[in-house]
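Take a look at the structure:
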């Protein structure tokens, strides 16, 4: 019998390592526990749907944004072939705990963390070069499982000259905006095609605008 959400254990200690200085990219080890991964994937059963992309004018998606610009419309595109599940905060306390970690490492308020999006990439699936948008100051991308070397699925930052192979329970954090508020296009990235196995991951986006009222929640 699966444990209740309150009984799902979190990670014991999160370790951080800066893997690129300018722009700063941080790799966290032990960002989520295997128990949390199992819980999230169980919630996703029967709910997988084709992933969508944000479509809109480049000046809106990547231009200077202090919260006043439209964020584009969600739609399907040939640049992204993965599947996703949006997990609402009221579904499980586990998402609240992970969101609190995201807010803490990004130095933002909890209400700025968007609902978490669990991802599944099967062999041949990918997400071509893209930017997460100037409406999102930061991204934390969590790897939920391992892929063996040579199995594809890396997160590639071609403008920075490196890529990261999926490793269970780790997470990457980067900041999407320049000090002026426009998109830092050096952070364009892509999910390389998976060639063997299935990649599970999770998008944790920080938005410039509050996403909900989280004033009743204290981060300790």
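In this note's numbering, the protein residues as written are 12 to 231.
Using N, Cα and C, we set each Cβ at its ideal position, and we do this for glycine too.
Between residue 60 and residue 142, what straight-line distance do the alpha-carbon atoms span, to the nearest angstrom? Rounded to whole angstroms, residue 60 to residue 142 spans 22 Å at the Cα level.
Quick one: what's got a C-beta closer than 6 Å to residue 233's C-beta in the same chain, skipping five residues either side? No information on residue 233 is available, as it lies outside the stretch 12 to 231 that the chain covers here.
Along the chain, where does the alpha helix (DSSP H) that runs through residue 110 open and close? Its alpha helix (DSSP H) spans residues 104-117.
On the premise that residue 107 lies in contact with residue 228, defined as a C-beta separation below 8 Å, what is that separation, rounded to the nearest angstrom? Contact between residue 228 and residue 107 is confirmed by a C-beta separation of about 7 Å, below the 8 Å threshold.
Measure from the alpha carbon of residue 149 to the alpha carbon of each residue in 156, 198, 138, 133, then state which is nearest. Comparing Cα-Cα distances from residue 149 to each of 156, 198, 138, 133, the minimum goes to 198.
Whole-angstrom distance between residue 224 and residue 126, CA atom to CA atom: Going from the Cα of residue 126 to the Cα of residue 224 covers about 13 Å.
Taking the C-alpha atoms as reference points, what is the distance between residue 86 and residue 62? In this structure, the alpha-carbon of residue 86 lies about 9 Å from that of residue 62.
State the start and end residues of the unbroken alpha helix (DSSP H) segment that holds residue 48. For residue 48, the enclosing alpha helix (DSSP H) starts and ends at 45-55.
Does the stretch 115-122 come into contact with the stretch 215-222, if we say contact requires no fewer than three beta-carbon pairs (one atom in each stretch) closer than 8 Å? The stretch 115-122 vs the stretch 215-222: in contact.
Taking buried to mean at least 16 other C-beta atoms within 10 Å of its own C-beta, is residue 158 buried or exposed? Buried.
Assuming residue 135 and residue 210 are in contact, meaning their beta carbons sit under 8 Å apart, how far apart are those beta carbons, in whole angstroms? Between residue 135 and residue 210 a beta carbon distance of about 11 Å is seen, past the 8 Å cut, so the two are scored as non-contacting.
Suppose only complete runs of 3+ residues qualify. What are the beta strand (DSSP E) ranges in the stretch 145-190, listed by chain order? If we require 3 residues or more, the beta strand (DSSP E) runs fully inside the stretch 145-190 come out as 149-154, 166-168, 173-175, 182-186.
Less than 6 Å between C-beta atoms, sequence neighbours within five positions excluded: which residues of the same chain meet that for residue 31? Once the five neighbours on either side are set aside, the close Cβ partners of residue 31 are 171.
List the whole-angstrom C-beta distance separating residue 47 from residue 19, where the pair is believed to meet the contact cut-off of C-beta under 8 Å. Their Cβ separation, rounded to whole angstroms, is 6 Å, which keeps residue 47 and residue 19 in contact under 8 Å.
With C-beta atoms as the reference, is residue 37 less than 9 Å away from residue 196? For residue 37 and residue 196, no; Cβs fall outside 9 Å.
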